[in-house]
Amino acid sequence: MTHTPHPTPTSHTIPAVAPNPHPEPAHRWRGAAARLTRRARIGWLAAVGSALVAAACASVLLEVPALPAGVGEPIEPVRYAFTAVSAGSSHTCGLRGDAAVVCWGRNGSGQARPPEGSFTAVSAGSSHSCGVRGDAAVVCWGQNEYGQADAPAGGFTAVSAGASHSCGLRGDAAVVCWGQNEFGQADAPAGGFAAVSAGSSHSCGLRTNATVACWGDNELGQTDAPAGEFAAVSAGSNLSCGLARDGTVACWGDLIWRTDASDGEFVAVSAGGRYACGLRGDGAVVCWGYPGYGRTDPPGGEFVAVSAGWSHGCGLRPDGTVGCWGRDDHGKLDLPPQGPFVAIAAGLNFACGLRPDATVGCWGDRHDADGIYLGNLSPPGGEFVAVAAGELHACGLRPDGSIACWGNHADGDTDAPEGSFAAVSLSRGGRDSSCGLRRDGTAACWGNDTFGAPDPPEGAFTAVSTGGEYACGLRPDGAIACWGNNEHGETDAPAGTFTAISSGGRHSCGLRSDAAVACWGDNEHGQTDPPAGVYIAVAAGHSHSCAVRSDHTATCWGQVATDLRGGNDP
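If you read the sequence shown in this note's numbering, its first letter stands for residue 421, the second for the next number, and so on.
Next comes the structure, spelled out in structure tokens:
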């Protein structure tokens, strides 16, 4: 399993912002994408972020003393309506009614961060995902160690993401596979196929003559497909299952656990990690095999599609909602909450959004990069005017100025002090700390006190920003004061007057009163060497910094700055 390395914690400023019939579904590893034949067309109002949000990828300093425009006003709720769902190893992807793809769960390799655009199909694999675009091209994202995300050019009607390889069905009924081929799992046989499914180290396809052909690793007999005519096939970890023309299900391969389906007829089948699930004609889902983590205990009710992942499964209900069951780690059972949102804050592996009705919804991975459980990421009820996300916890600012925090509590991260605040800032790192700006101008900090970050100096501030193991504040006279760990000079703020401050991992940047940018602290990657110019905003990230020029173009410097310039930098 690939783990996201711990970044050095950072913080930056985020202002609240206003807010054909498809081909047959690809039968995929651990449950191919299944879809409704009738597609609900529901518009989606997404929260939008500033260029600095994307640039810094950090926690937030929110200064919202009053309700943002639109907050508290009654609105018609918008609900996610899905037409397909695909359960992977530790993440899940869904195809929405507006043809956009949404993924949730583990994102250590970017497998849960789909590209924008319209899709007709999606498939979640182990640490990568693939989708078929509206123009029939296949695009994959996530881990690419074996080339499993390097989809070939040309048109496809279906795609299936496996463990470390992928397979696609061409318009001429040929199957093409790419990625790891240690066991021949990418050596698709010639001939015409109607569907394809990529498993862990093997693949299976349904031929146009209704027979099944499998190829790749056969250590447990997972490629020994039985004779007969089938309507569908699904390749799992070390087993495969097929739906016969008469509605019965046959499975072959890993027989350590019972792989024989329950009696009766089915309309769909999906093979996962040592278990499988089938959809009956009455809409009920039945699962069998290894029962660990509740993977064989689907919820009741009616479903129109089912997808079995490695240790969790998901089903699509008639109303377009998704229900998941099984192992509840990495947030893979947590669908993004209903929107729309007027502001959003991104933590390390999770995010929180502020809705127009002033409530907060959070989603994503509830574990850090080392797999440590973060705690309950469900925000408390009530109204908020701002929300901030750190690495291990989140905080919200209520209309009365009080702060409520939730998530990991190891170092008192959620023990926000009492009082009335105008802003809150969270660091992102193993030594989480938070700071708030009281309405009387004083600063209060809490959380990990290893380097004294929770001990701000006396006096008034107009802004405060929490960095990795330190924090900085902007005084009413424009001077900057910093406190906490100074191993890299991160608290050695230069003299002069400033109008804004942003503290990153081990460096900070400030916007001077003459609109120039000054940075200090760790400069290993050039993150404290800003280009000359006139600026209106600045943000310090982990090992890079970004700023917005007076002409509203963005420029970045430091590590990976080339990837972040995006053509806006001259």
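Where is the CB? At the ideal position from N, CA and C, for every residue including glycine.
Small disclaimer: the values here were computed from a predicted structure and weren't measured.
Item: Pairwise C-alpha distance: ARG526 and GLY856; Value: 30 Å
Item: Delimiting residues of the beta strand (DSSP E) encompassing THR512; Value: 511–516
Item: Complete runs of the beta strand (DSSP E) confined to the region 612–687 [at least 3 residues]; Value: 613–618, 622–627, 632–636, 650–655, 659–664, 669–673
Item: Where ARG665 falls, given that 16 or more other Cβ within 10 Å makes a residue buried; Value: exposed
Item: TYR695, enclosing beta strand (DSSP E) - first and last residue; Value: 695–700
Item: Interface flag, ARG818 vs chain B, CB-CB below 8 Å; Value: As a matter of chain content, chain B is missing from the structure shown, which is built from one protein chain.
Item: THR886 to THR716 span [Cα, whole Å]; Value: 45 Å
Item: Close-in-space but distant-in-sequence residues of the same chain around SER547 (CB under 6 Å, 5 per side omitted); Value: THR422, SER529, GLN531, GLY562, GLN563
Item: Cβ neighbour criterion (16 or more within 10 Å) applied to GLU910; Value: buried
Item: THR975, buried or exposed, once every other Cβ within 10 Å from all chains shown has been counted against 16; Value: buried
Item: Beta strand (DSSP E) segment containing TYR955, residue limits; Value: 955–960
Item: For PRO950, the nearest candidate out of PHE603, VAL937, VAL653 (CA to CA); Value: VAL937
Item: Candidates ASN658, SER922, SER840, of which the one nearest ALA824 by Cα; Value: SER840
Item: Residues near PHE723 by beta carbon distance below 7 Å, same chain, minus five either side; Value: LEU699, GLY703, VAL705, GLY735, LEU736, ARG737
Item: The region 667–676 contacting the region 610–617, beta-carbon criterion three pairs below 8 Å; Value: no
Item: Stretch pair the region 623–632 + the region 541–556: three plus CB contacts closer than 8 Å; Value: no
Item: Start and end residues, beta strand (DSSP E) containing VAL968; Value: 964–969
Item: Sequence-distant residues of its chain with Cβ nearer than 6 Å to CYS772 (five each side left out); Value: ALA765, VAL780, CYS782, VAL807, ALA809, ALA814
Item: Neighbour-count burial assignment, ASP637, 16 or more Cβ in a 10 Å radius; Value: buried
Item: Beta-ladder partner(s) of VAL706, from DSSP; Value: GLY698
Item: Residue range of the unbroken beta strand (DSSP E) whose run includes GLY743; Value: 742–746
Item: Residues near ALA608 in its chain [Cβ-Cβ closer than 6 Å; skip 5 each side]; Value: VAL595, CYS597
Item: Helix, strand or coil at TYR713 [DSSP, three-state]; Value: helix
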